[in-house]
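Taking it in order: structure first as structure tokens, then the write-up.
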Amino acid sequence: MRHRWESMCGISGIVNQKNQPVISQYIEMMNNKIIHRGPDGFGYYFGSNFAFGHRRLSILDLSEDGRQPMEYESDLVITYNGEIYNYIELKSELEALGCVFKSKTDTEVILAAYQMWGEKCVARFNGMWSFAIFDRKKNSLFCSRDRFGVKPFYYTQAEDTFAFGSEIKQLISFLPSIQCNRQLVLDYLVLGIEEHTEGTFFEGIQKLSGGHNLVYDLEKHTVDIKPYYTLQPVGDLKQLSEEQAVEMYRDQLYDSVKLRMRSDVEVGTCLSGGLDSSSITAFSAEILRKESAGKIKAIHAKVDEKSIDESKFATQVSNYCATDLIVVEPTASDFHQAVEKVIRIQEEPFGSPSIILQYFVLQKAREKNCLVMLDGQGGDETLLGYERYYPAFILKQKGWKKINAFLNSSKNSRLSKMDLLKYYFYFTRYSFRINQLKKRHNYIKKSILDGFESPILKESASRYLDIEAMQKLEILKTQLPHLLKYEDKNSMANSVETRLPFLDYRCVELALALPDQYKIKSGWTKNILRRAVSSWLPNEVVWRKDKLGFNAPEKNWLGSMENEMHEAILKSALLNELIDKNKFHYAAQDLRTQWRLYNIAKWEQIYQVRW
């Protein structure tokens, strides 16, 4: 069956708030900045005081029925980036209600769904999306971003213009000046977080949060942003047995993978060798065998540092699941050559050089013509995969269960009992934690550091002993959003689309609803997933105590650039506004701090950002 998705794309939009026609070269300029998101085609639509642009990367054929911006029955026009995985089922439902379709695309299904159900249509979508629909009858733009923000939507309002796009670089020229978001720069340096607000590192450019709609009134020129999705557990499943919980989650994850394998191009997987990516690889390999008797390509990044080399596990998974394993082995020289390029691609400073390792994997995917890649983002956040969840889990237990949970906590993890106490003390006491962080970053000028506070850190401390509340915070603000941003930008820079089965909203809601004692058991994190895939993967992978992900040899890679990094930091005008030269000693900083400072310096240089 042919699946008509025109999804790997980029969108652009401009509204002239003086109610004059948009000058064509402005929307063309925006569109041309994201050719990598859609090198196969482009299109424009001009309204009386607005314009849409679209870049298209076809993962099917280049038939004209998927061309965007797409008009629908003269009342609606859409520019759209994403996938509605359940569009076939939605199309059947809409046809039963009388809708007639001219194409086989999911784009037209979105338009028909909006016409039938209005703004509530997004609640019916299972997928990832970022789109804007011009509604002629309402004279408004209806914009939406998927539940968890997998696909980006940036916007700005400046100089009688409202503009939006898939990437920040499309909007920079609309700013009166390019200045940094000072609070976000400090949050990044001191806390290491970057996607917890609606702002970006560029003052004046915002992002629409996941699970939100934005309605722009083209007559009044007002913006109305509202949430359409609230993350909640799917129901009360406390009475389930562990066997029932394992089976229920396995079936749901398998279905999520199967749904995301609907494609007319080759689908591959990003295989780190960890539990999450290995689980996705195992399910997808089985599904492909059943459908076509083919082997799925699994791409792994091997590093030359023994302590973090996971190639042994990736090889075991590949052999067990009969995949076609492709290994990329980037060197320090490769890293050095790619670092500035990836900083440019990411558009904002990012937390770890490991993101560049992910870039190499997706670059190899493009080289091997795997235009769709499945990845394991979301497993840790939804299934209690981080050891920092232990204190809340232990305190939640009652009587002897609490004692047993404490005694078992270090049995199958890397946590000692002293680590547990440190976690509890550090993460629940905001004042202590913020003061410790300030001491660690005392190279920042005292006048700036003294006034630094962190509402998100305070919120995190208050939620730390409530597992569900902490999960929601990490899924929606502190942990998952920046991982999704890295993934989108790295994949689209290589004209590759990544799909994330763990973030099917049905999987997320189910994971939150399942009893915590099945997620953490006998010291094992993600116990439900381990048991769900126990017959699908080698025991050495299922019951691993460590977890690394795409972990780069940061010490070697950054060490090879030490002089260059130090020089860039010293030359940075932006950092000169922040750093107390009498207290700053490059060699005294840890690797992550050195990286963050260098990243800011290069980002400032690339995008000409001022303090």
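So that you can map any letter, position 439 of the sequence shown is 430 in our numbering, and since no number is skipped, the others follow by simple counting.
Think of the CB as a built atom: it goes at the ideal place given N, C-alpha and C, for glycine as much as any other residue.
No experiment lies behind these values; they were computed from the predicted model shown.
- Secondary structure in the segment 146 to 201: the beta strand (DSSP E) runs of 3 residues or longer, each lying completely within the stretch, are 152 to 156, 196 to 198 in chain order.
- Comparing C-alpha distances from R379 to each of T516, R583, N567 shows the shortest one belongs to T516.
- Between K468 and V352, the alpha-carbon positions lie close to 26 Å from each other.
- Remark: fewer than three beta-carbon pairs, one from each stretch, lie closer than 8 Å, so the segment 450 to 467 and the segment 306 to 318 are not flagged as touching.
- Assigned with DSSP and collapsed to three states, I519 falls in helix.
- Taking C-beta atoms under 8 Å as the contact rule, I290 and K355 qualify, at a distance of about 5 Å.
- Proximity of the segment 182 to 196 to the segment 464 to 480 meets the contact definition, three or more beta-carbon pairs being nearer than 8 Å.
- A direct Cα-to-Cα measurement between S275 and K249 gives close to 7 Å.
- In the DSSP assignment, H291 is bridged to V318.
- Beta-bridge pairing by DSSP links T489 to M364.
- Taking 8 Å as the cut-off, the Cβ atoms of V181 and V258 do not count as close.
- Annotation for E194: Q170, C171, N172 place their beta carbon closer than 7 Å to its own, counting only its chain and skipping 5 residues before and after.
- In this structure, the beta-carbon distance from V100 to L81 falls below 8 Å.
- For the pair A104 and R28, the Cα-to-Cα distance works out to about 26 Å.
- Annotation: N10 to H45 spans about 22 Å, alpha carbon to alpha carbon.
- With a beta-carbon spacing of about 6 Å, I271 and P492 fall inside the 8 Å limit used to define contacts.
- Per DSSP, P218 is one residue of the beta strand (DSSP E) stretching across 214 to 218.
- The beta carbons of P544 and E301 sit no closer together than 8 Å.
- By the CB criterion at 8 Å, L67 and C134 fall outside the cutoff.
- Put simply, the backbone Cα of D479 is about 42 Å away from that of K389.
- Annotation for G370: the continuous alpha helix (DSSP H) segment containing it runs 370 to 373.
- When DSSP states are grouped into helix, strand and coil, M461 belongs to the helix group.
- Here W120 is buried, its C-beta having at least 16 other C-beta atoms within 10 Å.
- At the C-beta level, N40 and F122 stay beyond 8 Å of one another.
- Counted as a single uninterrupted DSSP element, the stretch harbouring D581 is not any beta strand (DSSP E), since DSSP gives it neither H nor E.
- Annotation note: the segment 240 to 318 contains the following uninterrupted beta strand (DSSP E) runs of length 3 or greater, listed N- to C-terminal: 258 to 261, 288 to 292.
- Counting the other CB atoms within 10 Å of its CB gives N530 a total below 16, which places it among the exposed residues.
- Here V225 is near L501, since their CB atoms are less than 8 Å apart.
- For S422, the enclosing alpha helix (DSSP H) stretches over residues 421 to 431.
- The Cβ atoms of L279 and P321 lie no closer than 8 Å to each other.
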